[in-house]
Amino acid sequence: MEETAPIMTKYEFTRIKGIRIQQLIDGFPPFVDVNPDDKEEDTFKKELVERKIPLKVTRPCGFKKFVEIPVSKMDFERFT
């Protein structure tokens with residue numbers, strides 16, 4: 143199977159950020175320790191840095207083939 147580089151694009155980052163922040167707003171539990179004063183965006187940033195976001199990015203890879211990459215295994219250094 144073909145592999146793609148696990149470097150997060152700006153579009154993937156924006157989508158993951160929107161999905162995870164909406165989950166936190168809807169009451170999903172955070173996977174990091176948070177203060178009561180922290181906003182959802184702060185919680186998202188902590189989860190990203192600690193690599194605890196429970197989502198995967200699906201990328202097309204060839205004809206009718208897809209690769210799923212967990213966010214925890216992606217390189218997102220340019221967004222932090």
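Numbers in my numbering are just positions in the sequence shown, counted from 1, shifted up by 142.
Every residue, glycine too, gets a C-beta built ideally from N, C-alpha and C.
Glutamate 182 is positioned such that its CB atom lies closer than 9 Å to that of isoleucine 163. In the DSSP assignment, the residues bridged to proline 212 are Lys198. Apart from the 5 residues on each side of it in sequence, lysine 215 sits with its Cβ closer than 7 Å to the Cβ of Pro148 in its chain, given in chain order.
Contact annotation: phenylalanine 218 and leucine 190 have beta-carbon atoms nearer than 9 Å. Just measuring C-alpha positions, the residue of Phe221, Gln165, Leu197 sitting nearest glutamate 210 is Leu197.
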